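In what follows, a structure is listed as structure tokens, so that the remarks can point back to it.
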Amino acid sequence: MSQSKTKYLIINFLLSIEYIFILSPFIWLLSGVFSVPDGKSVLSKIIPIVAAYCFIRFKGQWRKNLNNPAFKIFSISNTIIFIFVVLNHLLGSEDFSFARTLFTVQLYLTVLPWQRITARHLWALLILAGVVVGISALYEVLALNIPRAGSLAFNPIPYATYAAVLCLSCLMLPLILRSNLLWIVASLLGAAGATTAIILSGTRGIWLALIVIVIMLGVQLLRQASIKKVLGIAIISTVAIGISLTAVSDTLTQRYQQTVAEYNHMAHKDMDTSIGIRLQLWQRGLSYIKQNPLLGTGTEQYLVNIEQDKQAGLISPIAAPLANAHFHNQFIDTLVRTGALGLLLLLAWMFIPAWTLHKQQQYPQRNWALACGIVMLIGGLTDVPFHHTHLVYFYSMLMGAILMTSVKSKE
1 MSQSKTKYLI INFLLSIEYI FILSPFIWLL SGVFSVPDGK SVLSKIIPIV AAYCFIRFKG
61 QWRKNLNNPA FKIFSISNTI IFIFVVLNHL LGSEDFSFAR TLFTVQLYLT VLPWQRITAR
121 HLWALLILAG VVVGISALYE VLALNIPRAG SLAFNPIPYA TYAAVLCLSC LMLPLILRSN
181 LLWIVASLLG AAGATTAIIL SGTRGIWLAL IVIVIMLGVQ LLRQASIKKV LGIAIISTVA
241 IGISLTAVSD TLTQRYQQTV AEYNHMAHKD MDTSIGIRLQ LWQRGLSYIK QNPLLGTGTE
301 QYLVNIEQDK QAGLISPIAA PLANAHFHNQ FIDTLVRTGA LGLLLLLAWM FIPAWTLHKQ
361 QQYPQRNWAL ACGIVMLIGG LTDVPFHHTH LVYFYSMLMG AILMTSVKSK E
């Protein structure tokens with residue numbers, strides 16, 4: 001082997017290692033954060049190191065990224081909601097974790113050399129994530145005998161929301177990017193893994209999201225794919241998801257029986273079931289919103305209100321302590337803490353990526369970003385996705401990556 005060829009191979013090897021390193025936050029986010037205990041803590045340490053390296057190694061890259069019109073709008077929306085959360089933290093003692101996470105993500109995305117990252121790389125990572133989350137769910141439930149998948153790393157509900165976005169992405173990407181049979185099959189494996197994780201998590205609210213995903217996918221298929229492609233994807237999807245449903249049929253049966261039992265308890269005025277507790281929290285939350293609809297009552301005041309309502313018998317002693325964390329509804333929780341202004345800013349932040357892609361005439365990617373936001377909203381009906389910084393990392397990094405890979409491919 002000639003000296004020049006050896007040098008060429010060494011350089012290529014080092015560049016490959018560097019590429020893996022600069023993408024390591026994405027790789028860890030999509031493989032470890034939702035499956036490994038303290039995985040989020042590892043991510044929070046990786047990102048500053050990688051960001052510092054990229055800032056030094058790719059001088060001026062941050063300026064190029066901020067000159068990208070799509071990324072500029074994304075960054076402005078991040079900055080506005082960051083300032084809003086910081087002000088609420090300083091003036092009203094609201095939680096700072098959302099702002100801290102968003103700042104970390106913005107820093108990392110700003111210095112990344114996006115010219116080296118393609119939409120297909122993102123696709124491969126999302127497929128990997130779907131497979132990993134499915135395997136980890138099976139491991140937790142079958143090997144560790146944990147009743148609900150997602151409990152090992154942090155919480156089954158946001159875990160299922162994450163898996164739902166993965167499932168949606170794996171099913172939509174073959175329609176967005178040119179793909180051969182290998183990519184389609186790999187995507188469907190990722191979708192099957194994510195579906196398995198959703199079902200094993202036992203999160204009934206996200207099962208509704210699965211139905212919405214199927215409807216959105218069907219509309220997308222009918223609008224743009226050929227009859228042959230529609231039939232092929234439909235057949236393979238049916239087989240893959242059918243296998244997943246068969247494998248976890250016991251979990252489905254158990255959750256169905258539990259739901260029926262909870263409704264029977266509620267019929268006899270026992271509101272201390274999972275559903276009953278949520279209804280109590282929502283009822284109290286709606287009453288607190290009326291106290292200050294525009295700016296919210298704030299966390300400190302609503303905690304005082306909860307204690308008073310418990311003493312007055314308006315909320316059960318079992319449900320009241322759960323309100324210390326949140327109201328199990330993103331809309332009610334945000335309205336109570338930061339009012340209509342806070343909810344408006346949150347919704348704008350969620351859907352500005354889709355709007356930006358629309359303005360850039362990237363319509364398939366716009367539909368993808370919009371669908372991801374809708375899934376998060378569905379998750380927000382029975383949980384608070386953005387109360388969990390795992391999902392703040394995931395959603396903000398995914399939206400930034402969709403924007404930068406889409407607009408760059410247009411150019």
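Going by full-length UniProt numbering, the first residue of the sequence shown is number 1, and it counts up by one from there. Glycine included, every Cβ here is placed at the ideal spot set by N, Cα and C. If you're wondering where the values come from, they're calculated on a predicted model, not measured in any experiment.
Any contact between the stretch 296 to 311 and the stretch 328 to 341? By contact I mean 3 or more CB pairs, one from each, below 8 Å. yes
To which residues of the same chain is residue 9 closer than 6 Å at the C-beta, ignoring the five residues directly before and after it?
Sequence index remark: in the sequence shown, residue 9 carries index 9 (1-based). Cβ neighbours of residue 9 beyond the five flanking positions: none.
Measure the C-alpha to C-alpha separation of residue 121 and residue 28 and round it to an integer number of angstroms. Walking along the sequence shown from the start, residue 121 turns up at place 121. Walking along the sequence shown from the start, residue 28 turns up at place 28. Whole-angstrom Cα-Cα distance: 14 Å.
Can you tell me whether DSSP reads residue 397 as helix, strand or coil?
Within the sequence shown, the letter at position 397 stands for residue 397. Three-state DSSP puts residue 397 in a helix.
Using DSSP with H/G/I as helix, E/B as strand and the rest coil, what is residue 38? Position 38 of the sequence shown, counted from the start, is the residue given in the question as residue 38. Three-state DSSP puts residue 38 in coil, outside helix and strand.
Inter-residue spacing [alpha-carbon to alpha-carbon] between residue 167 and residue 61: Translated into the one-based positions of the sequence shown, residue 167 becomes position 167. Translated into the one-based positions of the sequence shown, residue 61 becomes position 61. Their Cα atoms are separated by approximately 32 Å.
Next on the checklist: So for residue 325, helix, strand or coil by DSSP?
Outcome noted: Residue numbering aside, residue 325 sits at position 325 when the sequence shown is read from its first letter. Note: residue 325 maps to coil in three-state DSSP.
Starting from residue 106, follow the alpha helix (DSSP H) in both directions and report where the run begins and ends.
Here residue 106 refers to the residue found at position 106 of the sequence shown. Element bounds for residue 106: 97 to 111.
Pick from 190, 384 and 372 that is closest to residue 282, judged by C-alpha positions: Working through the sequence shown from its first residue, we reach residue 282 at position 282. Of the candidates 190, 384 and 372, the one whose C-alpha sits nearest the C-alpha of residue 282 is 384.
Check for me: the alpha helix (DSSP H) holding residue 6 runs from which residue to which? As a working note, residue 6 is residue 6 in the sequence shown. First-last of the alpha helix (DSSP H) with residue 6: 3 to 22.
Item checked: Nonlocal neighbours in the same chain, by C-beta distance under 6 Å from residue 85, ignoring five residues either side -> Within the sequence shown, the letter at position 85 stands for residue 85. Hits under 6 Å: 98 and 99.
Roughly how many angstroms separate the alpha carbons of residue 129 and residue 190, rounded to a whole number? Here residue 129 refers to the residue found at position 129 of the sequence shown. Here residue 190 refers to the residue found at position 190 of the sequence shown. Roughly 7 Å separates the two Cα atoms.
- prompt: Since residue 320 is in the alpha helix (DSSP H), which residue starts that stretch and which ends it?
  reply: If you number the sequence shown from 1, residue 320 lands on position 320. Premise fails: residue 320 is in no alpha helix (DSSP H) and is neither H nor E.
Check: To the nearest angstrom, how far is it from the Cα of residue 376 to the Cα of residue 208?
Finding: If you number the sequence shown from 1, residue 376 lands on position 376. If you number the sequence shown from 1, residue 208 lands on position 208. Going from the Cα of residue 376 to the Cα of residue 208 covers about 12 Å.
Inter-stretch contact at 8 Å, needing at least 3 Cβ pairs: the stretch 124 to 142 / the stretch 185 to 201: yes
Checklist entry - Who are the Cβ neighbours of residue 206 in its own chain at under 7 Å, not counting the five residues just before and after it? => result For the purposes of this step, residue 206 is taken as the residue at position 206 of the sequence shown. Only 160, 161, 164, 198 and 379 meet the Cβ criterion.
Worksheet entry | Cβ neighbour criterion (16 or more within 10 Å) applied to residue 174 | Residue 174 sits at position 174 when you count from the first residue of the sequence shown. By the neighbour-count rule (16 or more Cβ atoms within 10 Å), residue 174 is buried.
* Element boundaries [alpha helix (DSSP H), containing residue 79] -> Position 79 of the sequence shown, counted from the first residue, corresponds to residue 79. Per DSSP, residue 79 belongs to the alpha helix (DSSP H) from 69 to 92.
| In three-state DSSP terms, what is residue 117? | Residue mapping note: residue 117 aligns to position 117 of the sequence shown, counting from 1. DSSP places residue 117 in coil when its eight states are reduced to three.
| For residue 280, the nearest candidate out of 19, 315 and 291 (CA to CA) | Here residue 280 refers to the residue found at position 280 of the sequence shown. Comparing Cα positions, the closest option is 315.
On the DSSP letters alone, give me the boundaries of the alpha helix (DSSP H) that residue 352 sits inside. As a first step, residue 352 is located in the sequence shown; it is residue number 352 there, counting from the start. Here the alpha helix (DSSP H) through residue 352 covers 330 to 359.
Check your understanding: Would you call the CB atoms of residue 24 and residue 56 closer than 8 Å?
Key -> Counting from one through the sequence shown, the residue named residue 24 turns up at place 24. Counting from one through the sequence shown, the residue named residue 56 turns up at place 56. Going by C-beta atoms, residue 24 is not nearer than 8 Å to residue 56.
Hey, residue 51 and residue 407: beta-carbon distance below 8 Å or not? One-based indexing of the sequence shown puts residue 51 at position 51. One-based indexing of the sequence shown puts residue 407 at position 407. Taking 8 Å as the Cβ cut-off, residue 51 and residue 407 do not qualify as a contacting pair.
key: Neighbourhood of residue 35 by C-beta distance below 6 Å, restricted to the same chain and skipping five residues each side   = For the purposes of this step, residue 35 is taken as the residue at position 35 of the sequence shown. The answer, listed in chain order, is 136 and 153.
Residues in the same chain with beta-carbon distance under 6 Å from residue 20, minus the five sequence neighbours each way, listed in chain order, please. Along the sequence shown, read from residue 1 onward, the residue named residue 20 stands at position 20. Excluding sequence neighbours, residue 20 sits near nothing in its chain.
Worksheet entry | Of the listed residues 372, 300, 284 and 93, nearest to residue 312 (C-alpha basis) | Position 312 of the sequence shown, counted from the first residue, corresponds to residue 312. Cα-wise, what sits closest to residue 312 is 284.
Task: Reduced DSSP category for residue 309 - H, G, I as helix; E, B as strand; rest coil - done: As a first step, residue 309 must be located in the sequence shown, where it is residue number 309. It is helical.
Under the criterion of a Cβ to heavy atom distance below 7 Å, does residue 352 qualify as lining the ligand ADP?
-> The ligand ADP is not part of the structure shown, which contains no ligands of any sort.
Reduced DSSP category for residue 151 - H, G, I as helix; E, B as strand; rest coil: The count along the sequence shown starts at 1 and reaches residue 151 at position 151. Coil at residue 151, not helix or strand.
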